[in-house]
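Structure first, commentary second.
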Amino acid sequence: IDHDLADLIEHTMARDPKDRPATTELAHHLRQLTHEHTGAREPTGELPAEGPGPMSAPAEFPEELTSFVGRRSELTAVRNALGTSRLVTLAGIGGVGKTRLALHTAASVRRNYPDGVWLVELGEVRSASVVVDVVATTLGVRDYAGRSLTEALVDALAPRTTLLVVDNCEQVIDAVAELFQVLLARCPDLHVLTTSREPLGLGGETVIRVSPLTTPDPEAAPSLRSATRSDAVALFAERAAAAVPGFELTESNTAVVAQICERLDGLPLAIELAAARLRALSPEQILERLTDRYKLLTRGSRDSPQRQQTLRWSIGWSYELCTPDEQQLWRELSLFAGGFDVDDVEHVCSDTGGQDLLDTLAALVDKSVVLRDDAGGQSCFRLLDTVREFGRVKLEDTDAGADLRLRHRDWYRRLVRDAAADWIGPRQLEWIARVRRELPNLRQAFEFALAREDGSALLIATALYPFWMARGFFAEGRRWLARALEQPHPQPPVLRARALYAAAILAGFQGDLVAADARTVEARSLDGPSADPATHAFVAITDGITAFFGGELDRARIRLADAVNAPGVSGEPQLRLEALSLLGWAHVGDGTDLSLKYQSRALNLAQEYGEFVHRGYSLWANGVDLWRAGEPNRAVLLLEEGLRLTRRTDDPLMVFTCLQALAWVAAGQGHARRAAIIMGSAEAHQRLIGSNPVLFPNLLVYQEQFDATVRASLDAATLAEAQREGSVMTTGSAIAHALGERATVPSASAAKAQTKLTKRELQVAELIAEGLTNKAIAGRLVISQRTAEGHVDHILTKLDFTSRAQVAAWVVEQQSTTPPGDPTA
């Protein structure tokens, strides 16, 4: 045997299967050896007769052994793209379902290509030099003397109307791009549909990013009916029934299945592998073991390609296709929780020393490793949890993890300090959105700071106090502060005093007076002749607010006045505003005009600062004062202004308090049913944030008066129904109804229709009715565009609609105008 043939045989019989050549590569090498050993035919200089070159008949597409689930919008998008573009690439991370989508689409459009549809499989090809051979072999095109194989393909394809589905191009992307640049330029009726983890990068290419399947809304309690409308859950259920005959979704297992699909990012490959595990595990056991998804999700079906046998192999293949710089950035990006933007990357990730950092990030986006979400006019990025976990495992294999976590902590500590310093000002809404978006990363930075025990955890938790208040995250704020305050590391007295005040007021708002008292006792120990002015001011307001919550009004007024007049308050705008407002509330019902005086000062100061949250609180406070003074019409104007402001701040505490006060006014004006509806909405928001039924104890008398008034005016059944109607409204609907912009009291049929949608889906439907695009909806709700698209798909499916216009019309119908002269609505 000749040496070259012996070498090929040895290569083919390599011990490690990964070292063996793919079948197509082996065929290519054998053909070369045949030419070398038998003598290649010399060119004759003669060209073939004119007319199309020979091609074999298209082979049958692989039969779909399992059902095709979901992807309605993607199927439509791919079909439409093939109608307007001759090169369409389905790009996405491994296991997202690109191949299945391509094959299903191609089968549905076969009639558009009279000369056939071919499937060219490149999944096992590793050598760029054999790409043209694989394409030619698939089409049955032979090379002949005087022509290259590429020319033979042009000769065969130029006169034909065909579609080539070229699957798994990523590992030979340059060779594929080079070949099809020629073929598309010279074959006018050739259409190409490729699947790849990155685009080909050719002019005229239409790239469709294939996203994971839609998963149930994590903010909504999953029901059997709502969960089955999720493509991911539907896929799990079908594959589970195939693995374990008799398996079906029930009310008892739906929540667990929904969590499995959410944890697996809606990736079809991961979901199918998880469903197969039902042969040995229950859904609850699968969910519990997803902490190590790569160990759990193995053993795909034997007829699947190697890349789909395990989740680790699929994601690992993407990793191997990256350059060393890209692999390093992937590892470092895995440290981010949730999303990140360019600033985050530049401050946390290290210089790769090769590619520019932004170029490397862009390359990872192109390769579908990093997903881009444009929300709120800013480019943000994220990793799927599956991709992130793989990167973190790789990061643990290096020595860079500790330094990277420290840079991550330092960057987010700086971010919250900047937010706190700039919070009381015209950029407040920007900071609310930014902190909300960064909350997963802030949680991670906080945990690392706790582990370091260097005092940075208390700084982070305390700096976020204004955010906890503005978003109604009382319980989480208290947990952070409690854990940070327990640490033994010495902290500056003013920082600890600030933290104790934050912990005390959050506890007071939740009615936990024991915890508030404990924080106050510790705060007093920080005060004294040597205390700096700011520390003294924080101790005074902590003492005053705890006395106020405990009903010690005289002491509360004295200590809150101390805080208002303390020299240290001038450099603390947040403290200054809260001290004025709280002092005003402490004077409610004392027979003086001091409450209105202090609340008016707080309102003027908030307007002077140009901020929004405290302006809303001051409008509410002044409105209540005017109502108590016998001026309900002026009171309503201020309360409605405060309620409108919540559309910008998205502050559930302010929604609750303004709605509650408007209900008090409506009851006093004789509109009992309207008052009951508004109170139903108010109480729903109060339960959402977990605050006291009334924010301050000296307001309880007005709630008791309200209860007596509506009970005297409405029978029990009517009252209960009115409050139920208010409680099921979305925030937007509740605000609109209270403002009289449109009535959102649903009829019986409307209420039944609304119950099909989750609270978040109702919000999205209202934004559709306002004419917002998916991108704009994502920006308004601070969610990813993919999540917004999933909500829109769910709405269309649940309501059996096919267009956004139908959704808009439905919203208007449900929120039809109240008949004039109806005082009960």
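Sequential numbering from 1 applies to the sequence shown in UniProt numbering.
We put the beta carbon where it would ideally sit given N, CA and C, even for glycine.
Can you check whether the CB of residue j is closer than 8 Å to the CB of residue i?
i      : j      : result
Ala556 : Ala586 : yes
Thr138 : Val120 : yes
Pro652 : His685 : yes
Trp330 : Leu361 : no
Ala402 : Thr462 : no
Asp265 : Thr386 : yes
Arg674 : Leu739 : no
Gly425 : Arg382 : no
Ser600 : Phe656 : no
Ala722 : Ala676 : yes
Leu662 : Ile678 : yes
Gly455 : His489 : yes
Phe549 : Ala516 : yes
Phe446 : Ile460 : yes
Leu193 : Val88  : yes
Ser85  : Thr206 : yes
Val176 : Cys169 : yes
Pro466 : Trp423 : yes
Gly508 : Ala534 : no
Asp341 : Cys380 : yes
Secondary structure at residue i, three-state DSSP: helix, strand or coil?
i           : result
Leu638      : helix
Asp167      : strand
Gly680      : helix
Thr758      : coil
Leu190      : strand
Glu121      : strand
residue 838 : It is not possible to answer for residue 838, since the shown part of the chain is limited to 1 through 825.
Leu157      : helix
Thr592      : coil
Asp217      : coil
Thr162      : strand
Ala808      : helix
Val109      : coil
Val141      : coil
Pro283      : helix
Pro529      : coil
Lys775      : helix
Met729      : coil
Asn692      : coil
Asn253      : coil
Ser129      : helix
Lys98       : helix
Report all residues from its chain with a CB closer than 7 Å to the CB of residue i; omit the five preceding and five following residues, and keep chain order.
i           : result
Ile777      : Val764, Leu767 and Ala788
His35       : With a pLDDT of only 49 at His35, under 50, the local geometry of the prediction cannot be trusted, and no value is derived from it.
Arg615      : Leu603, Ala606, Gln607 and Leu645
Pro94       : The amino acid occupying residue 94 in the given sequence is Gly; Pro does not appear at that position. Same-chain partners within the cutoff: Arg197, Arg307, Ser314, Ile315, Trp317 and Ser318.
residue 826 : Lying outside 1 to 825, the shown extent of the chain, residue 826 is not represented and no answer is given.
Tyr609      : Ile424, Gly425 and Pro573
Skipping 5 residues on each side, what residues in its chain have a beta carbon closer than 6 Å to that of residue i?
i      : result
Thr250 : none
Leu278 : Ala240, Ala243 and Val244
Pro283 : Asn253, Val256 and Val257
Asp562 : Ala540
Leu681 : Note on residue identity: the sequence assigns Ser, not Leu, to residue 681. Closer than 6 Å at Cβ, skipping near neighbours: Leu659, Gly726, Met729 and Ala734.
Leu762 : Thr730
Ser713 : Ala672
Just to confirm my understanding: we take residue i, look at its own chain, exclude 5 residues before and 5 after, and list those with CB closer than 8 Å. What are they?
i      : result
Gly316 : Phe390
Tyr113 : Thr161, Thr162, Leu163 and His191
Pro199 : Thr89, Ala91, Glu205, Val207 and Asp366
Ile260 : Phe236, Ile271, Ala274, Pro283, Ile286, Leu287 and Leu290
Val710 : Ala667, Ala672, Ala675, Ala676, Met679 and Leu719
Give the DSSP bridge partners of residue i, in chain order.
i      : result
Arg209 : Ala91
Ser196 : Ala91
Gly339 : Arg382
Arg409 : In the DSSP output, where bridge partners are listed per residue, Arg409 has none listed.
Asp373 : Cys380
Discussion item. With a threshold of 8 Å, are at least 3 pairs of Cβ atoms found where one atom belongs to the stretch 581-597 and the other to the stretch 538-556?
Written reply: yes
Discussion item. Whether or not the stretch 390-400 and the stretch 311-327 are in contact is what I'm after, with contact meaning three or more pairs of Cβ atoms, one per stretch, closer than 8 Å; do they touch?
Written reply: yes
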